[in-house]
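>
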Amino acid sequence: MKKMFAVFKREYIQAVRKKMFIVMTFLMPALMIGLFMVPSLIMERGLGTKHVVVLDGTGHLKSAFTAPEKKEEAEIGFSKKGRDLPQQMQIDYVDAQGKDTDATAKSYTDRLGGKNGFDGVFVVPANALTAEDATLKYYSRSATDFMTQGRLSSRVNDAVQQYRLSKRGIDPSEVEKLMKDLKVDAVQLSKAGEQKKGGVANFFIGFILIALLFVPSFVYGLEIMRGIIQEKTDRVVEVLVSSMSAKQLLVGKILGVAAVGLTQVGVWLLMAGLAGAFGGAVLAVAGENFLQMLRVSTFVYFVIFFILGYLTYVCVYAIGGAVCNSEKEAQQLIMPITMTMMLPWFLMAPIMTNPDSNLAVGFSLAPVFGPLTMYARTLVAEPPMWHIALSILVSIATISVMFWVTAKIFRVGILSYGKRPTIPELWRWLKVA
Amino acid sequence: MDEILAVRDVVKVFGEVRAVDGVSFNVRRGTITGLLGRNGAGKTTTIRMITGIFMPDSGDIQWLGGKAEGGSFRDRIGYLPEERGLYKQMKLVELLLFLAEIKGCRAGVRAKVDYWLERFELTEKRNAKVEELSKGNQQKVQLIGTLLHDPDLIILDEPQSGLDPVNMVLVRNLLRDLRSEGKTILLSTHMMGEAEKMADEIILIHRGKVVLEGTLDEVRGGKNTLHIDFDGDGSFLRALPQVKSAEIVNNSAEIKLADGADPQQILEACMGPLRIRRFELATPSLEQIFIDKVGDATLSNEETR
Numbered sequence: 001m002k003k004m005f006a007v008f009k010r011e012y013i014q015a016v017r018k019k020m021f022i023v024m025t026f027l028m029p030a031l032m033i034g035l036f037m038v039p040s041l042i043m044e045r046g047l048g049t050k051h052v053v054v055l056d057g058t059g060h061l062k063s064a065f066t067a068p069e070k071k072e073e074a075e076i077g078f079s080k081k082g083r084d085l086p087q088q089m090q091i092d093y094v095d096a097q098g099k100d101t102d103a104t105a106k107s108y109t110d111r112l113g114g115k116n117g118f119d120g121v122f123v124v125p126a127n128a129l130t131a132e133d134a135t136l137k138y139y140s141r142s143a144t145d146f147m148t149q150g151r152l153s154s155r156v157n158d159a160v161q162q163y164r165l166s167k168r169g170i171d172p173s174e175v176e177k178l179m180k181d182l183k184v185d186a187v188q189l190s191k192a193g194e195q196k197k198g199g200v201a202n203f204f205i206g207f208i209l210i211a212l213l214f215v216p217s218f219v220y221g222l223e224i225m226r227g228i229i230q231e232k233t234d235r236v237v238e239v240l241v242s243s244m245s246a247k248q249l250l251v252g253k254i255l256g257v258a259a260v261g262l263t264q265v266g267v268w269l270l271m272a273g274l275a276g277a278f279g280g281a282v283l284a285v286a287g288e289n290f291l292q293m294l295r296v297s298t299f300v301y302f303v304i305f306f307i308l309g310y311l312t313y314v315c316v317y318a319i320g321g322a323v324c325n326s327e328k329e330a331q332q333l334i335m336p337i338t339m340t341m342m343l344p345w346f347l348m349a350p351i352m353t354n355p356d357s358n359l360a361v362g363f364s365l366a367p368v369f370g371p372l373t374m375y376a377r378t379l380v381a382e383p384p385m386w387h388i389a390l391s392i393l394v395s396i397a398t399i400s401v402m403f404w405v406t407a408k409i410f411r412v413g414i415l416s417y418g419k420r421p422t423i424p425e426l427w428r429w430l431k432v433a
Numbered sequence: 434m435d436e437i438l439a440v441r442d443v444v445k446v447f448g449e450v451r452a453v454d455g456v457s458f459n460v461r462r463g464t465i466t467g468l469l470g471r472n473g474a475g476k477t478t479t480i481r482m483i484t485g486i487f488m489p490d491s492g493d494i495q496w497l498g499g500k501a502e503g504g505s506f507r508d509r510i511g512y513l514p515e516e517r518g519l520y521k522q523m524k525l526v527e528l529l530l531f532l533a534e535i536k537g538c539r540a541g542v543r544a545k546v547d548y549w550l551e552r553f554e555l556t557e558k559r560n561a562k563v564e565e566l567s568k569g570n571q572q573k574v575q576l577i578g579t580l581l582h583d584p585d586l587i588i589l590d591e592p593q594s595g596l597d598p599v600n601m602v603l604v605r606n607l608l609r610d611l612r613s614e615g616k617t618i619l620l621s622t623h624m625m626g627e628a629e630k631m632a633d634e635i636i637l638i639h640r641g642k643v644v645l646e647g648t649l650d651e652v653r654g655g656k657n658t659l660h661i662d663f664d665g666d667g668s669f670l671r672a673l674p675q676v677k678s679a680e681i682v683n684n685s686a687e688i689k690l691a692d693g694a695d696p697q698q699i700l701e702a703c704m705g706p707l708r709i710r711r712f713e714l715a716t717p718s719l720e721q722i723f724i725d726k727v728g729d730a731t732l733s734n735e736e737t738r
């Protein structure tokens, strides 16, 4: 026990003192914030103003382009989060009534691109108001400028609809009311009947929490793999295993690294808590109740599944470390291991949108993948208690088995400098050691 | 004298290779016991079984009569592995404290660290990282780590490999000091010359088996070797009844005496036909004994000199 603690202490102190730990602790939140802030900042400023020409063959749509954009239109093509402001658009309206629109368009499309040229030319044909099969045309240098295209077309369509309806004798001010889209409020209803606002924000917070759950597992999983290999290449291990059992060494190491991860996540949660308190206050002013998306259970489950997931991943990498003899060898192993471990992350979108599907349930009860998937499920839905209990049990069983396997491989593999063992050799180690 | 460790008929097989094949020996308290043999003879494997890194396939290792299963008696062993290894990123002092701690030793360790650092002239480097030290100094640090928890039995696997002559003398003197302090030392080496200078008892291992065991004097079997340098034809020496075997090269002969032979008679026989320049009665070198025993001259590689 004392020896295990000595190993634990050494692992912890050495790791926490490292530059990487300090950098990770402060860089990671900055990265996270960046990941969410930068795109909207770029949208706001970086992209600059789009300069488009609208060529109106009907001559009746001028008001649609001179009036300011309506809020709903502005949001087309963006996530529905209020802070994402649309890119600025400068529209030159050209009345082409009675002219050949295609020919007129030519003189503008010739000036597409370049520093002072247009970014796009939007052509409304003369028959747009009458023909049902009239086609709008958008010319631009990039075929993928869906956002501008979408915004322009929705403006034209709105105007065309209004025009058509008012031709049938409906008051234009009535038209707007009649055509208005209704808003959807997503509400997540728990079994206890408590309501909470669901929707997109929930989804994003879920993603952040899950990233927080699993990023440290990978980082420190790799760290323990490197640590074990380091001990082998530094040949320290012989002194260690002559002083204690392989199990004591392994448990001390893994718990030490686990404590490092917990410290880091603790710091992050503290930061998030402070930011959340601040941000929550801001959002509360804006009329959004941020805190209602977070329940106490969110944190309880986070701690439980973080520890389970962390230990699982760290064990998997520890096996990898015990088997390899050099960092180089490890590199080849890291890819397949990491890809497998990332599987639930790749499937996170379908899992979170369908938390009770067979896929989600299967993954959440499977060994190794369980903690991450189950936590995702508890975030977006209320899985049955026995699912959660079973998932936890499966994880504990998985960790115990892997601990046992790792300890055995560790014991034999740690001293077998030289070639990496083959699968049959590994099997023999398990049986013999 | 009482025994501190008994190795009983220990076997370890790796795949096809019987690395240790029924080795038995005792280590007596307060002695330096040399575990000799060529590279690959099974010395390190034997030591790893004593230190609990390997489990023997059969046979057992007894510590003062108790069975060697728990980890506890291993805390009484200080082990310097052949493959040296330290945490390179750690500070000297921290590393040494850690090494003592994993041997279950915490009280009063700091004072011992200071004592040993002083003794090995490393006090100024106490806060340096291990990787900043020279290779020789790293070896010293590892040796300190072996001694820090005040072990009863000190097992050293090739302690002098890679040391310069000055440090070699330092280690030699240290081992003698430790012996006079009542410590027991098991010294594994392939350097016969070094073993000869330090060991009280010799265990010779070859191909996983003990081929020779006893005190240094027993092993040498007394002064039974004659070195004669002469002028003239010395070939008649071989035929003398007192001579068991003789190796004559140019004007020099190394003669093994027959049991109970009196070297004085050989000297008398030489007086007529030869002009004697040197006549010396000596003990055979360990190296010579080893070669006689194993019948293999390939032992003599550079490092044995």
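Protein sequences, first through last, are from chains X and C. For the first sequence, the working numbering puts the final residue at 433, and the numbers step up evenly by one. For the second sequence, the working numbering puts the final residue at 738, and the numbers step up evenly by one. All C-beta atoms in this analysis are idealised placements derived from N, C-alpha and C, irrespective of residue type, glycine included. None of these values were measured; they are calculated from a predicted model.
Does the beta carbon of C:K524 come closer than 8 Å to any beta carbon on chain X?
The residue given as residue 524 of chain C occupies position 91 in the second sequence. With 8 Å as the cut-off, C:K524 does not count as an interface residue toward chain X.
> Indicate whether at least one CB of chain X lies closer than 8 Å to the CB of C:I437.
For the purposes of this step, residue 437 of chain C is taken as the residue at position 4 of the second sequence. Chain X, which has no Cβ nearer than 8 Å to the Cβ of C:I437, makes this no.
> How is X:K99 classed by DSSP in three states: helix, strand or coil?
The residue labelled residue 99 of chain X in the question sits at position 99 within the first sequence. Coil, per DSSP.
> Where do the ends of the beta strand (DSSP E) carrying C:G455 lie?
Here residue 455 of chain C is taken as the residue at index 22 of the second sequence, counted from 1. In this chain, the beta strand (DSSP E) harbouring C:G455 covers 450 to 461.
> So with CB distances below 7 Å, who are the chain C contacts of X:K2?
Locating residue 2 of chain X in the first sequence gives position 2, where the first residue counts as 1. Within chain C, the residues near X:K2 are G537.
> Less than 8 Å between the CB atoms is what I'm expecting for C:L596 and C:Q575, so what's the real figure, rounded?
By 1-based counting over the second sequence, the position of residue 596 of chain C is 163. By 1-based counting over the second sequence, the position of residue 575 of chain C is 142. Not a contact, Cβ separation roughly 12 Å.
> What residues are listed by DSSP as bridge partners for X:G120?
Taking the first sequence and counting its residues from 1, one reaches residue 120 of chain X at position 120. Partner(s): X:V52, X:S140.
> Quick one: what's got a C-beta closer than 7 Å to C:R559's C-beta in the same chain, skipping five residues either side?
Against the second sequence, residue 559 of chain C aligns to sequence position 126. Here the set comprises L525, V526, L550.
> Is it the case that the stretch 712 to 721 of chain C contacts the stretch 647 to 665 of chain C, given that we only count it when at least three CB pairs across the two stretches are under 8 Å?
yes
> Check whether the Cβ atoms of C:G475 and C:V453 lie closer than 8 Å to each other.
Within the second sequence, the letter at position 42 stands for residue 475 of chain C. Within the second sequence, the letter at position 20 stands for residue 453 of chain C. For C:G475 and C:V453, yes; Cβs fall inside 8 Å.
> Determine whether the Cβ of X:S242 lies closer than 8 Å to any Cβ atom of chain C.
Counting from one through the first sequence, the residue named residue 242 of chain X turns up at place 242. So yes, X:S242 belongs to the interface.
> Assign X:E327 to buried or exposed, taking buried as 16 or more other Cβ atoms, counted over all protein chains shown, within 10 Å of its Cβ.
Here residue 327 of chain X refers to the residue found at position 327 of the first sequence. When all chains shown are included, X:E327 counts as exposed.
> Taking only runs that begin and end inside the stretch 365 to 405 of chain X, name each unbroken alpha helix (DSSP H) of 4 or more residues, in chain order.
With a minimum length of 4 residues, the unbroken runs of alpha helix (DSSP H) contained wholly in the stretch 365 to 405 of chain X fall at 370 to 380.
> Would you tell me roughly how many angstroms separate the C-alpha atoms of C:K545 and C:L581, rounded to the nearest one?
Taking the first residue of the second sequence as 1, we reach residue 545 of chain C at position 112. Taking the first residue of the second sequence as 1, we reach residue 581 of chain C at position 148. Each residue's Cα considered, the two are about 7 Å apart.
> Using only the alpha-carbon positions, how far apart do C:E449 and X:S243 sit?
The sequence position of residue 449 of chain C within the second sequence is 16, counting from 1. The sequence position of residue 243 of chain X within the first sequence is 243, counting from 1. In a straight line, the C-alpha of C:E449 is about 29 Å away from that of X:S243.
> Check the Cβ-Cβ distances between C:R517 and every residue of chain X, and say whether any is below 8 Å.
The count along the second sequence starts at 1 and reaches residue 517 of chain C at position 84. Chain X, which has a Cβ nearer than 8 Å to the Cβ of C:R517, makes this yes.
> Between the beta-carbon of X:T298 and the beta-carbon of X:L379, is there less than 8 Å?
Within the first sequence, the letter at position 298 stands for residue 298 of chain X. Within the first sequence, the letter at position 379 stands for residue 379 of chain X. Taking 8 Å as the Cβ cut-off, X:T298 and X:L379 qualify as a contacting pair.
> Helix or strand or just coil, what does DSSP make of C:Q698?
Along the second sequence, one-based indexing puts residue 698 of chain C at 265. Helix, per DSSP.
> Taking 8 Å as the threshold (beta carbon to beta carbon), is C:T484 in contact with chain X?
On the second sequence, position 51 is the one that residue 484 of chain C refers to. Closer than 8 Å: yes.
> Terminal residues of the continuous beta strand (DSSP E) containing C:R708?
For the purposes of this step, residue 708 of chain C is taken as residue 275 along the second sequence, with counting starting at 1. Here the beta strand (DSSP E) through C:R708 covers 708 to 715.
> Less than 8 Å separating the beta-carbons of C:R509 and C:T617?
Here the question's residue 509 of chain C lines up with position 76 in the second sequence. Here the question's residue 617 of chain C lines up with position 184 in the second sequence. No, Cβ-Cβ distance for C:R509 and C:T617 is not below 8 Å.
> With distance defined between alpha-carbon atoms, name the residue in X:M1, X:I205, X:V16 nearest to X:V257.
Looking up residue 257 of chain X in the first sequence gives position 257. Of the listed residues, the one whose Cα sits closest to X:V257 is X:V16.
> Ends of the beta strand (DSSP E) at C:A679?
Position 246 of the second sequence, counted from the start, is the residue given in the question as residue 679 of chain C. Counting along the chain, the beta strand (DSSP E) containing C:A679 begins and ends at 676 to 682.
> Contact criterion: CB-CB distance below 8 Å. Does X:V265 meet it with respect to chain C?
Counting from one through the first sequence, the residue named residue 265 of chain X turns up at place 265. It does not; no Cβ of chain C falls within 8 Å.
> Under the rule that 16 or more other beta-carbon atoms within 10 Å means buried, what is X:I33, buried or exposed?
Your numbering for residue 33 of chain X matches position 33 in the first sequence. X:I33 should be labelled exposed.
> Among residues of its own chain, excluding the 5 on either side of X:L240, which ones have a beta-carbon nearer than 6 Å to its beta-carbon?
Translated into the one-based positions of the first sequence, residue 240 of chain X becomes position 240. Result list for X:L240: L249, in chain order.
> If the criterion is Cβ atoms closer than 8 Å, does the pair C:L513 and C:M625 meet it?
Along the second sequence, read from residue 1 onward, the residue named residue 513 of chain C stands at position 80. Along the second sequence, read from residue 1 onward, the residue named residue 625 of chain C stands at position 192. No, the pair does not count as a contact, with Cβ atoms beyond the cut-off.
> Around the C-beta of C:M488, are 16 or more other C-beta atoms found within 10 angstroms, so that it is buried, or is it exposed?
For the purposes of this step, residue 488 of chain C is identified with residue 55 of the second sequence, where counting begins at 1. Counting Cβ neighbours within 10 Å, C:M488 comes out exposed, since fewer than 16 surround it.
> Contact criterion: CB-CB distance below 8 Å. Does C:P584 meet it with respect to chain X?
The residue given as residue 584 of chain C occupies position 151 in the second sequence. False, the Cβ-Cβ gap to chain X never drops below 8 Å.
> Considering only residues of the same chain and omitting the five flanking positions on each side of C:W496, which have a CB-CB separation below 7 Å?
For this step, residue 496 of chain C is matched to residue 63 along the second sequence. Closer than 7 Å at Cβ, skipping near neighbours: L438, F506.
> Inspect the beta-carbon positions of C:A694 and C:A686 and report whether they are closer than 8 Å.
The count along the second sequence starts at 1 and reaches residue 694 of chain C at position 261. The count along the second sequence starts at 1 and reaches residue 686 of chain C at position 253. No.
> Rounded to the nearest angstrom, how far is the Cβ of C:L611 from that of C:I587, given a contact under 8 Å?
Residue numbering aside, residue 611 of chain C sits at position 178 when the second sequence is read from its first letter. Residue numbering aside, residue 587 of chain C sits at position 154 when the second sequence is read from its first letter. So it is a contact: roughly 7 Å between Cβ atoms.
> Answer yes or no: does any C-beta atom of chain C fall closer than 8 Å to that of X:R226?
Residue mapping note: residue 226 of chain X aligns to position 226 of the first sequence, counting from 1. Answer no: the Cβ-Cβ gap between X:R226 and chain C never drops below 8 Å.
> Once the 5 residues before and after C:I681 are set aside, which same chain residues still bring their CB inside 6 Å of it?
If you number the second sequence from 1, residue 681 of chain C lands on position 248. Here the set comprises G667.
> Let's see if you can read the secondary structure: which residues bound the alpha helix (DSSP H) around C:S567?
Counting from one through the second sequence, the residue named residue 567 of chain C turns up at place 134. Note, C:S567: premise wrong, no alpha helix (DSSP H); not H, not E.
> Starting from the C-beta of C:Q522, find all residues in its chain whose C-beta is less than 8 Å away, skip the five residues before and the five after it, and write them out in chain order.
In the second sequence, counting from the first residue as 1, residue 522 of chain C sits at position 89. Counting only Cβ-Cβ distances below 8 Å, and skipping sequence neighbours, we find K562, V563, E564.
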